[in-house]
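Asks: What follows is a structure written as structure tokens; I'll ask about it next.
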């Protein structure tokens with residue numbers, strides 16, 4: 057089986073209340089999250105998971121707070137001698153705007169998206185303002201999107217699993233690496249969601265659901281399942297990956 061190296065590339069940041077990550081916990085604490093694009097290096101295809109922000113704020117203050125550099129899409133791909141036109145496949149964890157703003161630049165790519173996510177971006181619930189269909193219109197009109205309804209293998213060593221915790225169409229991407237099975241989560245969390253502090257574990261909580269959540273009870277169970285099936289956990293917004301070139 058093909059194995060891959062996973063390269064996190066910071067392509068944006070957000071500053072908000074920590075409770076946006078940790079359901080029922082951390083409210084009132086300011087928190088800075090990186091927004092990543094993940095390059096999966098291996099095999100003969102150039103593969104990304106998500107595409108990040110179009111115009112990220114690149115400031116010394118924000119870089120200091122996440123512990124790593126912030127790149128534009130072109131700069132970030134250039135770190136690995138890639139251009140947007142080189143990308144063959146993009147797998148979307150979900151279609152909130154900060155995960156798909158650079159889709160239009162990947163003119164030669166096939167995009168894998170869960171059908172529920174495509175429905176959501178075209179007809180979002182009023183509570184979910186993070187969907188902006190403008191960012192996918194071009195690739196959709198070009199016929200570049202393949203919708204998924206079931207869990208499946210995208211390529212040998214890369215599997216997607218429907219995990220509707222943060223959004224209805226969230227996809228967790230399981231990647232075979234030399235050090236085990238890695239899970240790039242299909243929901244927006246940090247490492248603390250998977251490994252809560254002792255005062256939360258004392259409440260008999262093994263994980264913390266995402267702060268923005270479809271159903272907190274189901275999200276809790278989904279997170280436990282992902283945690284049990286991965287050797288390496290990669291929460292979508294944990295700052296620790298901002299300073300790491302390869303997971």
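Numbering (this note's numbering), first residue to last: 57 to 303. Note that beta-carbon positions come from the ideal geometry of N, C-alpha and C, so glycine has one too.
1) Looking at the structure shown, is residue 245 part of a helix, part of a strand, or coil, going by DSSP?
2) List the whole-angstrom C-beta distance separating residue 283 from residue 250, where the pair is believed to meet the contact cut-off of C-beta under 8 angstroms.
3) Thinking residue 246 and residue 62 are a contact (beta carbons under 8 angstroms), I'd like their distance in whole angstroms, please.
4) Within 10 angstroms of the Cβ of residue 67, are there 16 or more other Cβ atoms? Answer buried if so, exposed if not.
5) Short check: CB of residue 156 to CB of residue 106, under 8 angstroms?
6) Rounded C-beta distance between residue 211 and residue 170? I'm assuming under 8 angstroms.
7) Based on DSSP bridge pairs, tell me the residues matched to residue 237.
8) Is it the case that the Cβ atoms of residue 65 and residue 95 are separated by a distance below 8 angstroms?
9) Give the range of the beta strand (DSSP E) segment to which residue 90 is assigned.
10) Within 10 angstroms of the Cβ of residue 299, are there 16 or more other Cβ atoms? Answer buried if so, exposed if not.
11) By how many angstroms is the C-alpha of residue 254 removed from the C-alpha of residue 276?
12) Taking the beta strand (DSSP E) that residue 279 belongs to, which residues open and close that run?
13) Nearest-angstrom Cα distance between residue 179 and residue 193?
14) Would you kindly report the start and end of the unbroken beta strand (DSSP E) that includes residue 73?
15) Could you compute how far the alpha carbon of residue 209 sits from the alpha carbon of residue 99?
16) Can you tell me the Cα-Cα spacing of residue 191 and residue 235, whole angstroms?
17) In terms of residue numbering, what span does the beta strand (DSSP E) encompassing residue 167 cover?
18) Kindly indicate which residue of 213, 125, 73 has the alpha-carbon position closest to the one of residue 103.
19) Using 8 angstroms as the threshold, is the C-beta distance between residue 150 and residue 225 below it?
20) For residue 215 and residue 297, what's the separation of their Cα atoms in angstroms?
21) Would residue 133 count as contacting chain D if we go by Cβ distances under 8 angstroms?
22) Here's the rule: buried if 16 or more other CB atoms are within 10 angstroms of the residue's CB, otherwise exposed. What is residue 69?
23) Kindly provide the ranges of any beta strand (DSSP E) runs that are 3 or more residues long and lie completely inside the region 163-217, ordered along the chain.
24) Return the residue from the list 159, 259, 73 that minimises the CA-CA distance to residue 93.
25) Rounded to whole angstroms, what is the Cα-Cα separation between residue 206 and residue 218?
26) Is residue 138 helix, strand or coil by DSSP?
Replies: Result, derived from the coordinates:
1) Residue 245 sits at position 189 when you count from the first residue of the chain shown. Residue state, collapsed to three classes: coil.
2) As a first step, residue 283 must be located in the chain shown, where it is residue number 227. As a first step, residue 250 must be located in the chain shown, where it is residue number 194. So it is a contact: roughly 5 angstroms between Cβ atoms.
3) In the chain shown, residue 246 corresponds to position 190, counting from 1. In the chain shown, residue 62 corresponds to position 6, counting from 1. At roughly 17 angstroms, the Cβ-Cβ gap does not stay under 8 angstroms, so residue 246 and residue 62 are not in contact.
4) Taking the chain shown and counting its residues from 1, the one referred to as residue 67 is at position 11. Buried: at least 16 other Cβ atoms inside 10 Å.
5) As a working note, residue 156 is residue 100 in the chain shown. As a working note, residue 106 is residue 50 in the chain shown. For residue 156 and residue 106, yes; Cβs fall inside 8 angstroms.
6) Counting from one through the chain shown, the residue named residue 211 turns up at place 155. Counting from one through the chain shown, the residue named residue 170 turns up at place 114. About 17 angstroms separates the beta carbon of residue 211 from that of residue 170, a gap too long to meet the 8 angstroms contact definition.
7) Counted from its first residue, the chain shown places residue 237 at position 181. Looking at the DSSP assignment, residue 237 forms a beta bridge with 232.
8) Position 9 of the chain shown, counted from the first residue, corresponds to residue 65. Position 39 of the chain shown, counted from the first residue, corresponds to residue 95. Yes. Within cutoff.
9) Counted from its first residue, the chain shown places residue 90 at position 34. 86-97 is the extent of the beta strand (DSSP E) around residue 90.
10) Taking the first residue of the chain shown as 1, we reach residue 299 at position 243. By the neighbour-count rule (16 or more Cβ atoms within 10 Å), residue 299 is not buried but exposed.
11) Looking up residue 276 in the chain shown gives position 220. Looking up residue 254 in the chain shown gives position 198. So the two alpha carbons sit approximately 17 angstroms from each other.
12) Residue mapping note: residue 279 aligns to position 223 of the chain shown, counting from 1. No beta strand (DSSP E) contains residue 279, which is instead part of the alpha helix (DSSP H) from 272-285.
13) As a first step, residue 179 is located in the chain shown; it is residue number 123 there, counting from the start. As a first step, residue 193 is located in the chain shown; it is residue number 137 there, counting from the start. Taking the straight line from one Cα to the other gives about 14 angstroms.
14) Numbered from 1 along the chain shown, position 17 holds the residue referred to as residue 73. From DSSP, the beta strand (DSSP E) with residue 73 extends over 61-73.
15) If you number the chain shown from 1, residue 209 lands on position 153. If you number the chain shown from 1, residue 99 lands on position 43. Whole-angstrom Cα-Cα distance: 14 angstroms.
16) For the purposes of this step, residue 191 is taken as the residue at position 135 of the chain shown. For the purposes of this step, residue 235 is taken as the residue at position 179 of the chain shown. Going by the C-alpha atoms only, they are around 35 angstroms apart.
17) Mapped onto the chain shown, residue 167 falls at position 111. In the DSSP annotation of this structure, the continuous segment of the beta strand (DSSP E) that includes residue 167 starts and ends at 166-170.
18) Sequence index remark: in the chain shown, residue 103 carries index 47 (1-based). Nearest of 213, 125, 73 to residue 103, Cα basis: 213.
19) For the purposes of this step, residue 150 is taken as the residue at position 94 of the chain shown. For the purposes of this step, residue 225 is taken as the residue at position 169 of the chain shown. Closer than 8 angstroms, so yes.
20) If you number the chain shown from 1, residue 215 lands on position 159. If you number the chain shown from 1, residue 297 lands on position 241. Cα-Cα distance, rounded: 21 angstroms.
21) Among the chains of the structure shown, chain D does not appear; only one protein chain is present.
22) Along the chain shown, one-based indexing puts residue 69 at 13. By the 10 Å Cβ count, residue 69 comes out buried.
23) 166-170, 201-204, 208-211
24) Counting from 1 along the chain shown, the entry for residue 93 is found at position 37. Considering only alpha carbons, the answer is 159.
25) Along the chain shown, read from residue 1 onward, the residue named residue 206 stands at position 150. Along the chain shown, read from residue 1 onward, the residue named residue 218 stands at position 162. Their backbone Cα atoms lie some 7 angstroms apart in a straight line.
26) Along the chain shown, one-based indexing puts residue 138 at 82. Residue state, collapsed to three classes: coil.
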